[in-house]
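Chemist: Just so you know, we're using our numbering here: the sequence shown kicks off at 9 and counts up by one. Glycine included, every Cβ here is placed at the ideal spot set by N, Cα and C. A quick note: this is a predicted structure, and the numbers were derived from the prediction, not measured.
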Amino acid sequence: MSPSAFVFVMAAVLAAEPVDTGVHHACVVLHPTAGNKIEGTVHFEQIAKDVRITGRITGLSPGKHGFHIHMFGDCSAPDAASAGDHFNPGHADHGGPQDRNRHVGDLGNIEADKDGVANFSLVDDRITFDGPASILGRALVVHEKPDDLRSQPSGKSGARLACGVVGIGEPKE
Ligand SMILES: [Cu+2]
Ligand SMILES: [Zn+2]
9 MSPSAFVFVM AAVLAAEPVD TGVHHACVVL HPTAGNKIEG TVHFEQIAKD
59 VRITGRITGL SPGKHGFHIH MFGDCSAPDA ASAGDHFNPG HADHGGPQDR
109 NRHVGDLGNI EADKDGVANF SLVDDRITFD GPASILGRAL VVHEKPDDLR
159 SQPSGKSGAR LACGVVGIGE PKE
C-alpha cells in the first residue's frame, strides 16, 4: 500500500469509529431567589440506567424542602416563576419519586439539618440526559416547604427559594 493510500484508509477507519457524544454528568449551581440566602451545587451522574443526584445546599430552614426539575432553564425572575411548571413531558400527574405516575421532574424532597444544610445522595430512574426526558437546559428548584408528593399540581411546596440551570458537566471517568 502506498503511503497516501494508507493515510486514506486510516482516515476512513477513524471517521467510522463511533463517537460517544452522550452526556453522563450534569451540574447545577443554585442561586437564591429574592430575599433569601440558599446556595448549593448539585451533580447528576448517569449510573447504568439510573441517575445519581448528589449535592450540598446551605441556608435552608431545618426539615424537608421540595426539590424538582422545572420546565425552563430560566431563573431570571426574582421568584424564579420564569422556570415554569414541573418538567412533565409525559403529561402525568404530580407525584413522588417512587410513583410511576409522576412528573419527570418530581424528585421529592431534600432534608436540611438543624444548621440548615442538606447533604444528599439520591438515585432516580426517570430523569435522563437525552431524549424527551432529558433534564439538560432545564431548571432545578428548591422550595420553601415539603412536597407532600400528592397534591396537584406541585405538592404544596410553596415558594421557590433557589434556582439553577442544569448544565453539561465534565465526564468523571
Ligand atoms: Cu418545584
Ligand atoms: Zn410535579
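Over the uninterrupted beta strand (DSSP E) stretch that includes Asp-114, give me the two end residues.
Modeler: Its beta strand (DSSP E) spans residues 114-120.
Chemist: Which parts of the stretch 30-103 are runs of the alpha helix (DSSP H), unbroken and 4 residues or longer, counting only runs that do not cross its ends?
Modeler: Counting only runs of 4 or more, we get nothing.
Chemist: Have a look at Gly-48 and Val-37 and give me their C-alpha separation to the nearest angstrom.
Modeler: One C-alpha to the other measures close to 6 Å.
Chemist: Can you look up Gly-177 in the DSSP assignment and give me helix, strand or coil?
Modeler: Correct three-state label for Gly-177: coil.
Chemist: Rounded to a whole number of angstroms, what is the C-alpha to C-alpha distance between Gly-139 and Thr-66?
Modeler: Near 32 Å, if we compare the C-alpha coordinates of Thr-66 and Gly-139.
Chemist: So the beta strand (DSSP E) Asp-132 belongs to, where does it begin and stop?
Modeler: First-last of the beta strand (DSSP E) with Asp-132: 126-132.
Chemist: Within 10 Å of its beta-carbon, does Gly-116 have 16 or more other beta-carbons around it, so buried, or fewer, so exposed?
Modeler: Buried: at least 16 other Cβ atoms inside 10 Å.
Chemist: Leaving out the 5 sequence neighbours to the left and right, which residues in its chain are closer than 8 Å to Ser-84 when beta-carbon positions are compared?
Modeler: If we look at Ser-84 and ignore the five residues flanking it on each side, its Cβ neighbours are Ser-90.
Chemist: According to DSSP, is Ser-142 helix, strand or coil?
Modeler: Of the three classes helix, strand and coil, the one that applies to Ser-142 here is strand, per DSSP.
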